[in-house]
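Comments concern the structure below.
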Amino acid sequence: MLPMNRRRFLATTAALSAAPLLGRVSPAFAASLTAGFVYVGPRDDYGYNQSHAEGAAAIRDMAGLTIIEEENVAESDAVVKTMESMIQLDGAGLIFPTSFGYYNPFVVDTAKAYEDVQFRHCGGLWTDKDPKNAGSYFGYIGTAQYICGIIAGHMTKSKRLGFVAAKPIPQVLLNINAYTLGARSVDPEITTQVIFTGDWAMPVKEAEAVNALVDQGADVLTCHVDSPKVFVQTAAGRGAYVTGYHTSQAPLAPEKYLTGAEWHWATVYKMFAEKALAGEELPNFVRGGLAEDFVKISDYGPAVTEEAKKQADAVKAEVMKGGFAVIKGPLKDNKGNDVVAAGNEYPETAIELESMDYLVEGVIGSTS
Amino acid sequence: MNEDLGLWAVPIAVLGGMLRVSTPFLFVSLGECVTEKSGRINLGLEGTLVFGAMAGYGGSYLTGNPWAGVLLAGIAGTLFGLLHAALCSLPRVNDIAVGIALMILGSGLAFFFGKPLIQPAAPMLPGLSLGGWSDVPQLRSALEVSPLLLIGVVIAVFLLFVFKRTRIGLILRMVGDSADAARAMGYPIIPVRITATAFGGFMAGIAGAYLSLYYPGSWNENISSGQGLIAVALVIFARWNPLACLGAALIFGGAGALGPALQSVGVTSGYYLFYAAPYILTLAILFATSSPRRALEGAPRELSITK
Numbered sequence: 001m002l003p004m005n006r007r008r009f010l011a012t013t014a015a016l017s018a019a020p021l022l023g024r025v026s027p028a029f030a031a032s033l034t035a036g037f038v039y040v041g042p043r044d045d046y047g048y049n050q051s052h053a054e055g056a057a058a059i060r061d062m063a064g065l066t067i068i069e070e071e072n073v074a075e076s077d078a079v080v081k082t083m084e085s086m087i088q089l090d091g092a093g094l095i096f097p098t099s100f101g102y103y104n105p106f107v108v109d110t111a112k113a114y115e116d117v118q119f120r121h122c123g124g125l126w127t128d129k130d131p132k133n134a135g136s137y138f139g140y141i142g143t144a145q146y147i148c149g150i151i152a153g154h155m156t157k158s159k160r161l162g163f164v165a166a167k168p169i170p171q172v173l174l175n176i177n178a179y180t181l182g183a184r185s186v187d188p189e190i191t192t193q194v195i196f197t198g199d200w201a202m203p204v205k206e207a208e209a210v211n212a213l214v215d216q217g218a219d220v221l222t223c224h225v226d227s228p229k230v231f232v233q234t235a236a237g238r239g240a241y242v243t244g245y246h247t248s249q250a251p252l253a254p255e256k257y258l259t260g261a262e263w264h265w266a267t268v269y270k271m272f273a274e275k276a277l278a279g280e281e282l283p284n285f286v287r288g289g290l291a292e293d294f295v296k297i298s299d300y301g302p303a304v305t306e307e308a309k310k311q312a313d314a315v316k317a318e319v320m321k322g323g324f325a326v327i328k329g330p331l332k333d334n335k336g337n338d339v340v341a342a343g344n345e346y347p348e349t350a351i352e353l354e355s356m357d358y359l360v361e362g363v364i365g366s367t368s
Numbered sequence: 001m002n003e004d005l006g007l008w009a010v011p012i013a014v015l016g017g018m019l020r021v022s023t024p025f026l027f028v029s030l031g032e033c034v035t036e037k038s039g040r041i042n043l044g045l046e047g048t049l050v051f052g053a054m055a056g057y058g059g060s061y062l063t064g065n066p067w068a069g070v071l072l073a074g075i076a077g078t079l080f081g082l083l084h085a086a087l088c089s090l091p092r093v094n095d096i097a098v099g100i101a102l103m104i105l106g107s108g109l110a111f112f113f114g115k116p117l118i119q120p121a122a123p124m125l126p127g128l129s130l131g132g133w134s135d136v137p138q139l140r141s142a143l144e145v146s147p148l149l150l151i152g153v154v155i156a157v158f159l160l161f162v163f164k165r166t167r168i169g170l171i172l173r174m175v176g177d178s179a180d181a182a183r184a185m186g187y188p189i190i191p192v193r194i195t196a197t198a199f200g201g202f203m204a205g206i207a208g209a210y211l212s213l214y215y216p217g218s219w220n221e222n223i224s225s226g227q228g229l230i231a232v233a234l235v236i237f238a239r240w241n242p243l244a245c246l247g248a249a250l251i252f253g254g255a256g257a258l259g260p261a262l263q264s265v266g267v268t269s270g271y272y273l274f275y276a277a278p279y280i281l282t283l284a285i286l287f288a289t290s291s292p293r294r295a296l297e298g299a300p301r302e303l304s305i306t307k
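Residue numbers (our numbering), protein chains in the order written: chain G, 1 to 368; chain B, 1 to 307.
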């Protein structure tokens with residue numbers, strides 16, 4: 001139970017007395033469902049939040065389903081208020097808090113307080129100790145970054161790639177490593193220069209990072225920040241090629257956009273919504289990659305050569321068969337230590353990848 | 001295409017960052033300098049900046065002329081300034097509280113009206129190339145400056161002249177230093193303060209237009225990472241001197257470019273420390289220049305924080 005304080009008591013009382021007025025009193029009724037989406041930033045940011053909003057838009061027209069959304073919700077007590085208002089005022093029976101930092105303690109506590117509401121959090125943090133009405137889903141986007149790296153490896157003339165990253169956490173490091181390994185599978189002389197900006201949305205710093213990378217000779221750039229809009233525009237403005245992230249940024253730089261690693265949440269949301277409407281139990285732990293259509297690769301831009309497309313498509317076909325491993329031994333990190341022994345393979349589903357704390361050989365950068 | 005410059009890349013990047021990043025700091029701090037000289041603090045300039053960014057982008061998108069966007073941003077900023085000034089002219093209203101309220105109002109209105117503007121692309125302000133004499137492409141791109149920066153430098157010099165050498169400047173300083181003296185001399189206090197605050201809003205609006213129309217040159221809800229607030233603090237740091245505001249803005253712009261530039265040449269560890277460089281520098285300078293005897297030199301005496 002959440003601690004009862006005066007504010008929560010007032011909010012609850014007000015909500016309860018308002019609920020009959022709205023005429024929506026049975027959130028758990030199976031044939032009609034209200035699903036709430038909570039975003040940490042603006043939902044049309046050309047980035048992470050937009051990828052989720054596109055997933056929500058894809059199920060908007062399902063019969064019996066009502067979609068409610070709230071954006072710019074901070075990873076703090078604010079998300080609890082948002083979720084409670086979705087449950088009490090809008091009668092939401094299924095809630096998708098989409099930002100990583102929402103999970104603990106906010107989603108966990110709210111799930112304990114509202115046992116007949118289902119919570120599915122994006123980020124893959126659920127364990128069997130957590131409430132059964134909570135759960136998590138995530139996509140293996142590292143493999144998609146590997147394929148983008150292959151394209152980048154074909155397109156670079158200077159043999160230097162640039163990567164603008166937010167923070168050195170395992171998911172980001174995996175993307176940087178996969179991208180670099182993809183490029184080095186084309187030409188082992190290629191290096192990736194990484195710049196960490198320190199936070200998920202720092203437009204001025206991201207633009208400065210792009211300028212610094214281009215000044216150092218990088219001619220294909222990618223990023224892992226929440227909203228790649230400024231990144232793509234600045235890089236294209238400086239004449240560099242870009243590969244995108246989260247969603248397609250092709251409209252921002254039609255000539256310079258090569259390809260990109262995109263989320264495809266519509267698959268996940270459709271599955272959850274169909275099960276919930278049919279009254280079936282929702283899975284607690286859902287993951288998938290390219291083969292499961294959880295992530296996808298942007299359509300190739302006009303500049304991509306035939307040779308690059310051919311190799312990327314061949315690798316993609318391999319990935320679709322399942323079991324493909326980007327991270328496999330022998331593999332050294334960029335300090336010369338052996339991180340994966342010869343013969344070891346970690347396919348995208350491997351749990352070891354979720355504690356990645358190194359940058360592979362060929363990456364210029366440091367994790368701290 | 002690009003030559004390898006080695007460590008020379010760092011000073012060039014810092015120079016480039018100085019010229020690219022400092023303009024919003026400069027405009028907001030010059031405007032706030034005038035406002036504070038009249039005896040008021042407007043903390044709401046962060047909200048004005050964000051609204052100016054939205055208005056500038058919208059104006060440029062709708063008219064097709066980025067300078068029309070700049071003008072619109074200036075007008076919107078002036079209106080916010082007038083609102084702050086009018087509210088603070090009522091009896092027993094605290095200017096700091098009103099400023100914080102307007103900061104939230106400005107951002108909220110900007111997000112509300114700016115929703116449909118995130119996706120479309122507006123025409124950008126042109127840049128001036130001052131690096132044509134150099135063969136180094138990195139230096140050429142660092143010396144690509146916005147005309148707004150040059151206008152800002154001219155305004156800084158002009159304001160210094162106005163404060164020191166003109167009657168208007170004298171009245172402004174008198175209103176800010178001693179309302180009683182100004183009243184005794186028969187000068188209108190409230191109209192002077194309203195004008196000064198409106199000018200501060202105008203400048204903050206222009207600063208916002210620079211963010212959305214030149215660098216980084218896009219409108220979204222995260223466009224300002226607190227530049228408006230930092231610029232208000234810069235005024236105190238610069239001791240209410242417009243030329244010092246220019247210096248402070250350049251230092252902050254250049255220091256912000258240090259982190260990415262060092263990482264790009266391979267100095268990869270400790271980047272969080274480099275990102276803190278501007279603030280460490282501020283502390284060091286404040287520490288070095290302060291003393292119990294002359295700590296508030298130059299501070300307008302009517303300012304609510306010094307009264």
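Backbone N, C-alpha and C fix where the C-beta goes; we use that ideal spot for every residue, glycine too.
Should residue i be flagged as near chain B, meaning a C-beta pair shorter than 9 Å?
{"i": "G362/G", "result": "no"}
{"i": "K229/G", "result": "yes"}
{"i": "Q118/G", "result": "no"}
{"i": "F196/G", "result": "yes"}
{"i": "S85/G", "result": "no"}
{"i": "M202/G", "result": "yes"}
{"i": "P213/G", "result": "Inspection of the sequence shows that residue 213/G is occupied by Leu rather than by Pro. Closer than 9 Å to some Cβ of chain B, the Cβ of L213/G qualifies, so yes."}
{"i": "K205/G", "result": "yes"}
{"i": "S76/G", "result": "no"}
CA-CA distance, residue i and residue j?
{"i": "I327/G", "j": "V214/G", "result": "28 Å"}
{"i": "N65/B", "j": "T23/B", "result": "20 Å"}
{"i": "I147/G", "j": "A166/G", "result": "21 Å"}
{"i": "M83/G", "j": "V21/B", "result": "38 Å"}
{"i": "E321/B", "j": "T282/B", "result": "No statement about residue 321/B is possible, as the shown extent of chain B runs from 1 to 307 and does not include it."}
{"i": "G17/B", "j": "E208/G", "result": "7 Å"}
{"i": "T191/G", "j": "A121/B", "result": "33 Å"}
{"i": "G378/G", "j": "S212/B", "result": "This structure cannot speak to residue 378/G, because chain G is shown only from 1 to 368."}
{"i": "I364/G", "j": "V107/G", "result": "37 Å"}
{"i": "Q227/B", "j": "R183/B", "result": "36 Å"}
{"i": "A303/G", "j": "G239/G", "result": "13 Å"}
{"i": "G31/B", "j": "G162/G", "result": "38 Å"}
{"i": "L150/B", "j": "M203/B", "result": "14 Å"}
{"i": "G6/B", "j": "Y275/B", "result": "21 Å"}
{"i": "G336/G", "j": "Y358/G", "result": "11 Å"}
Quick check on residue i - is its C-beta less than 9 Å from some C-beta in chain G?
{"i": "A142/B", "result": "yes"}
{"i": "A73/B", "result": "no"}
{"i": "V232/B", "result": "no"}
{"i": "F111/B", "result": "yes"}
{"i": "K37/B", "result": "no"}
Return the chain-ordered list of same chain residues with a C-beta closer than 8 Å to the C-beta of residue i, the five sequence neighbours on each side being excluded.
{"i": "H52/G", "result": "F37, Y39, R43, F96, T98, C122, W263, W265"}
{"i": "W240/B", "result": "C33, E36, K37, G298, A299, P300"}
Give every residue of the same chain whose Cβ lies closer than 7 Å to the Cβ of residue i, excluding the five residues on either side of it in the sequence, and list them in chain order.
{"i": "P228/G", "result": "Y46, G47, G244, Y245, H246, Q249"}
{"i": "V14/B", "result": "G254, A257, L258, A261"}
Can you find the residues in the same chain that come closer than 6 Å, C-beta to C-beta, to residue i, ignoring five residues on each side of it along the sequence?
{"i": "I141/G", "result": "A261, V295"}
{"i": "Y61/B", "result": "P120, A122"}
{"i": "R184/G", "result": "I190, G362"}
{"i": "P347/G", "result": "G323, A325"}
{"i": "D177/B", "result": "P300, R301"}
For a quick check, are the C-beta atoms of residue i and residue j less than 9 Å apart?
{"i": "G289/G", "j": "T197/G", "result": "no"}
{"i": "A111/G", "j": "D90/G", "result": "no"}
{"i": "T367/G", "j": "P168/G", "result": "yes"}
{"i": "L243/B", "j": "L160/B", "result": "yes"}
{"i": "G77/B", "j": "G58/B", "result": "no"}
Note down, in chain order, every chain G residue with its Cβ under 8 Å from the Cβ of residue i.
{"i": "E221/B", "result": "G41, P42, D45, N72"}
{"i": "I104/B", "result": "Those within 8 Å of I104/B in chain G number zero; the least Cβ separation is about 13 Å."}
In chain B, which residues lie with their C-beta within 8 Å of the C-beta of residue i?
{"i": "P254/G", "result": "Residues of chain B passing the Cβ test: none, with the nearest at roughly 11 Å."}
{"i": "G365/G", "result": "Q263, T268"}
Which residues in chain G sit within 9 Å of residue i, going by Cβ to Cβ distance?
{"i": "G256/B", "result": "V204, K205, E208"}
{"i": "S225/B", "result": "D199, A201, M202, P203, V204, K205"}
Please list the partners that residue i has in chain B, where partner means a Cβ-to-Cβ separation under 7 Å.
{"i": "S385/G", "result": "The structure shown does not extend to residue 385/G, since chain G is modelled only from 1 to 368, so the question has no answer here."}
{"i": "Q233/G", "result": "G217, S218"}
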